[in-house]
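So the protein lines, in turn, are chains A, B, C and D. Residues in the first sequence are numbered consecutively from 933, following our numbering. Residues in the second sequence are numbered consecutively from 933, following our numbering. Residues in the third sequence are numbered consecutively from 933, following our numbering. Residues in the fourth sequence are numbered consecutively from 933, following our numbering. A virtual CB, placed ideally from N, CA and C, is assigned to each residue, including glycine. Below is one structure; the comments refer to it alone.
Protein chains: 4
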Amino acid sequence: MKAVRVFRYHEAPRIVDVPEPRIVNPHDVIVKIAGAGICRTDLHIIEGGLDEAFHPTLPHTLGHENAGWIEEVGSGVTHLAVGDPVILHPAITCGFCDACRAGNDMHCPTWGFPGVDGLDGGYAEYMRTSARSVVKLAPGTDPASLAPHADAGLTDMHAVKQIVPFTHPGSTVVVIGVGGLGHIAIQLLHALTAARVVAVATRPERAEFARRFGADEVVMTGSDGGYSAVMDLTNGIGADAVLDLVGDGDVPAQAIRMVRKGGAYVIVGYGGKAEIELLYAINRDLKVLGSQIGSYTELVELMELDRQGRIVSESQRFPLDDAVDALDEVRRGRVMGRAILVPG
Amino acid sequence: MKAVRVFRYHEAPRIVDVPEPRIVNPHDVIVKIAGAGICRTDLHIIEGGLDEAFHPTLPHTLGHENAGWIEEVGSGVTHLAVGDPVILHPAITCGFCDACRAGNDMHCPTWGFPGVDGLDGGYAEYMRTSARSVVKLAPGTDPASLAPHADAGLTDMHAVKQIVPFTHPGSTVVVIGVGGLGHIAIQLLHALTAARVVAVATRPERAEFARRFGADEVVMTGSDGGYSAVMDLTNGIGADAVLDLVGDGDVPAQAIRMVRKGGAYVIVGYGGKAEIELLYAINRDLKVLGSQIGSYTELVELMELDRQGRIVSESQRFPLDDAVDALDEVRRGRVMGRAILVPG
Amino acid sequence: MKAVRVFRYHEAPRIVDVPEPRIVNPHDVIVKIAGAGICRTDLHIIEGGLDEAFHPTLPHTLGHENAGWIEEVGSGVTHLAVGDPVILHPAITCGFCDACRAGNDMHCPTWGFPGVDGLDGGYAEYMRTSARSVVKLAPGTDPASLAPHADAGLTDMHAVKQIVPFTHPGSTVVVIGVGGLGHIAIQLLHALTAARVVAVATRPERAEFARRFGADEVVMTGSDGGYSAVMDLTNGIGADAVLDLVGDGDVPAQAIRMVRKGGAYVIVGYGGKAEIELLYAINRDLKVLGSQIGSYTELVELMELDRQGRIVSESQRFPLDDAVDALDEVRRGRVMGRAILVPG
Amino acid sequence: MKAVRVFRYHEAPRIVDVPEPRIVNPHDVIVKIAGAGICRTDLHIIEGGLDEAFHPTLPHTLGHENAGWIEEVGSGVTHLAVGDPVILHPAITCGFCDACRAGNDMHCPTWGFPGVDGLDGGYAEYMRTSARSVVKLAPGTDPASLAPHADAGLTDMHAVKQIVPFTHPGSTVVVIGVGGLGHIAIQLLHALTAARVVAVATRPERAEFARRFGADEVVMTGSDGGYSAVMDLTNGIGADAVLDLVGDGDVPAQAIRMVRKGGAYVIVGYGGKAEIELLYAINRDLKVLGSQIGSYTELVELMELDRQGRIVSESQRFPLDDAVDALDEVRRGRVMGRAILVPG
């Protein structure tokens, strides 16, 4: 089958022929890929930026936002049937450790992360994962368009869940970055909180995009990253939470200044650093919350919101054969919403 | 009356004669000081280190850890009587804003902070505060020895309350810094959680001090700030929470590395900076929690624990007249536990 | 001034002339009433049904859902000005007890409850209350139409806040009773949770009323109180929470059967009893949550949702002079939404 | 092998010879029983009292508090080895449903409950369960003495976890019933909260037993179930939470009256009913919390507390052959602490 694989860092991945995956363990599942989302993390992987964190063996197949249909199941799997439409949680977890048993499966110390840590991902025709990673979709669902929710939407969900305790009617939440993650985050904040949502955008078309998905207010980045506009909107008090989907350059420092006393700066975008003066953190009772990918349960909940029509996602499809070009479009910021690779 | 006042930064404060405070508003209260704790923040104030955060007008009287007896009450105060032994919450809050009404009085936007922000504090014979700042003690209590709880103990309480949600039976909490705050923090962690408490000490006598107040394990700072010892004690997973009472030099960076995935780094000590790589914060689901002074309710709870004998504090008394020498002893780290100034 | 007062239980209240209230304490406030909501509790009071719980001295003026304008303030009140439009929290609380300081002012052991416990309420031209009970409205607001939120809406808010932890995307909440409280509860559930809201109605026009305010599903009471319809809608699992706004007859027993394992039965309506078999409560991990009126903070939040246009309330105005007739209309269930008495 | 089986309700169970259990599914585990605790639920089962709730097929082997050593594992189990000392969570859960994935495995809709619902329990030499039900103990642990924790201790743990949010320093928790569950509950309350623990005992030797395990106060049942003594101890306010381990006769009504405004009545004992007047529940903001058996994670935490020596349990061993006599001793209330059956 065809697969898009990284052979060397700083080089474009190549589309090559590889053997189809096979069932090895009783809980293994083979999924026929309907769509695989392109994530900025894929660009970081190609540039070697995740090598230190995950030490993947090269070459490996990219793709950690996957959806499709059950193709084959291991002997121990009874609740999934061939042909079921499914979306795949990006991690493979053990099911027996304390973290897995408490529902915090993302803290499983022996987790696998196909498409990132060296296990083969979903930029391919078929992919192997575990039954524990499979979320069944409603019969008749088109899985391809949901693929980006496996990571982008799920990351938003986990971040928004952390924001919920900082909100009440009258609260303000700022979302910095209006793209693939941002437009979903705005909708999730409305679904799960009563907060007013203020989006910070860099360009007029992004501002329009944010409004289309429900931002109550949109402010432009300007010279201070939107700081003064946010302070004006909050009577000088600051926002209850600031969700940073950019995480680079001056953004973290600007974002932290926007947070009200006792409020939260929530990190999802990455690349840069946050430098925190401890006296400031204490006087402001500041909370800085790194936010990983979400749990299996959070993916189930996200799919439920999608099924109810409470969140709508924007995406653009590319044939799997055009993966290299599609990655380039994403790198140049030319895709509004999310790019999805669709096998032949 | 006598009062210890800061006249210029970088100069020792002076003991001078000032008029006694008088009732101005219906909710005002005059307290006869029994004892006033010396805090490292006093040293920071003298060095001008809090000028940017609080802009106090000089000269002003130091002292934000105060306890004593009610001397006089305003016309609107009916629940306090002359002679009642009391401890004073360090802040004066309005009682009507959203923060005050929700019990988060420390986020009151118009709060006053006697001894710190230019209002006169308790290094004196008498002090004015608000009825809202007064916690009544049990009849017959000696207020002087409790004074340090007004800030040191209360700061511990607020920090430990934030740690509670990160703990369960089997958890490990690390306390970095074994002094006036540390020995109370260890006891509060035992009172409020089922976690194992590991103290990080710099010197053998501090290690012994930590053990005396209940540390389950003590590790020495060594060359890595105790990092490898903590990792050994936690099977390489890291601590559920790390309480940093030092907050300077290499400590913040070392402390953050000790935190397990999804765990918390809680900031109480200050002076330095924490530099956080955002990719690390995300991959580790890291929470960084700045922790201010506690609320009025937390001070009530702390006094209840003291009354029940669940926390014991170590302190050393100095006459108010020796305030300058006493401040110097604290600066040199020669006081084990907490120093208390006692008027003539 | 005119006031509607209860002289004897089981007799209609009478409209009589009484002296205008005057400032007594520094924190007292006199409010010119714009509107006073009629509550079923008023009917219970007239029938003597709250005598055992509150022991009011007769005669007293009814009215615990009040809004108007500041007429006069005591010497200790600086944050309110004559003419400010305001809504009044129904309780008068002390501000110094542990409950008040923690934001749970409704648990204040010395609270007063004008219109219920013998203190004079707002079925009058003027009313005295405490500055602590006053929530300022945005300039230019018409207070009269908001009056029912002081109790009806606030009770919904407190109940919905208790329901929040039982919900997640995919949850179902059942609201039994579609009237003055019900139509607000439906909107609050949508504002604060991602749950599907199922209303149980007794008549087609009530069903239509529920749909108008956003019920996702409406089921009719039928012979089983809606039990089988709710079980069908939840695949036989039951609802995550059932909010009982009726609280009488067979309703509590039917409501409890609708609750899923680990879910909550939330009591707001009253008059009847719930009989709980302990073995059933254990096997079902059942939570039964009595829900009082809300806190001051919850009333502030409710007014914020109103200001943002997220909740809309249905009401019908009656002149204060027609209070007796209006009470009768409410008793007969002829008022859709909430009845409001408006002084001359 | 020998097994103690119920053949007909209202008849003593019989010790009979049955085939040893065998591995059927890949996740099955066979455990050699070291000890099986006797629970009052066994008496209820024999009397048919759980027939309606669980519909077991007769005959079946009793025993839902089991500990022992791994004897054999299925093909899909890699984290358990023959000879490992283990304690068994009483339920068998699926691992794939929403409840299992969220860590609320006790709400798994397809759970099995060996020893209760017709599946064979641990009053035998060997027992079959699932790998998901197995908690590994530290090497060298004697499993027999821990057996009662599988249900009695675990039920306490789940109940105490529900009590935690109702407590703070200064709180009072009442424990009604000082026996097998009570003496563990007292210790868990001290391990997990800062509350004062008041035990209600029926007899002097039970009072002494409660004090031995750490009750801060003990009151005798007397004519009012301890009501007036509890009110005296709490200045007439009532307890923050009342844990009812009896659940029969007048106890529920007496217990509810002891609960302070906003406090919780937590149900663990059963047999009787609680009749709740809704007006009372509302005015008191009363929470009634049915409390099932705990989750897998809670059993892991309980074993950790045992390993650390923070809880000590009292038990008495009986040979498996004497099961009928031992059940009778328990019925007569002659066993202080918990009875454990040990195979020959």
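The beta carbon of R1128/C sits no closer than 8 Å to any beta carbon of chain D.
Taken through DSSP and simplified to helix, strand or coil, F1250/A comes out as strand.
Nearest in C-alpha terms to V1191/B, of all of D1083/A, H1039/A and I1108/A, is H1039/A. Between I1214/C and Q1094/D, the gap from beta carbon to beta carbon reaches 8 Å or more.
When rounded, the separation of the alpha-carbon atoms in A1034/A and G1269/D is 30 Å. Note on H1011/D: under 16 other CB atoms within 10 angstroms of its CB, so exposed under the neighbour-count rule. Not a single C-beta of chain A is nearer than 8 Å to the C-beta of L1069/C. The beta-carbon distance between D1172/A and V1130/A, rounded to whole angstroms, is 11 Å. This is too long to meet the 8 Å contact definition. Cβ atoms of I1118/D and G1085/D stay farther apart than 8 Å, at about 12 Å. S1223/C sits in coil when the DSSP states are folded into three classes, being neither helix nor strand. For the stretch 1194 to 1219 of chain B, residues whose beta-carbon sits nearer than 8 Å to a beta-carbon of chain A comprise G1194, I1199, V1200, G1201, Y1202, G1203, G1204, K1205, A1206, E1207, I1208, E1209, L1210, L1211, Y1212, A1213, I1214, N1215, R1216, D1217, L1218 and K1219. Scanning its chain for C-beta atoms nearer than 8 Å, with the 5 sequence neighbours on each side dropped, one finds around I1199/D the residues D1176, G1179, P1184, A1206, V1220, L1221, G1222 and S1223, in chain order. Fully enclosed beta strand (DSSP E) runs of no fewer than 3 residues occupy 1017 to 1020 and 1058 to 1062 of the stretch 1004 to 1063 of chain A, in order along the chain. For M933/C, the three-state secondary structure derived from DSSP is coil. Contacts between H987/A and chain B, judged by CB atoms closer than 8 Å, are missing: the closest CB pair is about 13 Å apart.
With contacts defined by Cβ atoms closer than 8 Å, L1231/D and V1067/D form a contacting pair. Less than 8 Å divides the Cβ of A968/A from the Cβ of E997/A. Closer than 7 Å at the C-beta level to chain A, one finds these residues of the stretch 1109 to 1133 of chain C: A1123, L1124 and A1126. Taking 8 Å as the cut-off, the beta carbon of A1023/B is found no closer than this to the beta carbon of W1001/B.
Nearest Cα to A1056/C within the set V936/C, Y1212/C, A1123/C and Q1248/C: V936/C.
For R940/B, no beta strand (DSSP E) run applies, since DSSP gives it neither H nor E. Positions of the beta strand (DSSP E) runs, each at least 3 residues long and wholly inside the stretch 1118 to 1156 of chain A, are given as 1128 to 1133 and 1149 to 1152 in order along the chain. Look at V1232/C: its C-beta is under 8 Å from a C-beta on chain B. Per the Cβ contact rule, the stretch 1144 to 1162 of chain A is not in contact with the stretch 1156 to 1164 of chain C (fewer than 3 Cβ pairs under 8 Å).
For E979/B, there is no enclosing alpha helix (DSSP H), as DSSP marks it with neither H nor E. Looking at the backbone, the Cα of V1009/A and that of T1229/A are separated by about 19 Å.
A Cβ-Cβ separation of about 7 Å places I965/B in contact with Y1058/B under the 8 Å criterion. Sixteen is the threshold: when 16 or more other Cβ atoms of the shown chains lie within 10 Å of the Cβ of H1021/B, as they do, the residue is buried.
Counting along the chain, T1073/D sits inside no alpha helix (DSSP H), nor does DSSP assign it H or E at all. Taking C-alpha positions only, R972/B is separated from T989/A by approximately 51 Å. In terms of beta-carbon proximity, H959/B stays away from the interface with chain A, with every pair separated by 8 Å or more. Residue range R1270 to V1274 is occupied by the beta strand (DSSP E) that includes L1273/A. In the structure shown, the three-state DSSP call for V1262/A is helix. Secondary structure of I1169/C (DSSP, three-state): coil. Ranked by Cα distance from G1072/D, the first of S1245/D, G1050/D, D1016/D and R1064/D is D1016/D.
For G1195/B, the enclosing beta strand (DSSP E) covers residues V1191 to I1199.
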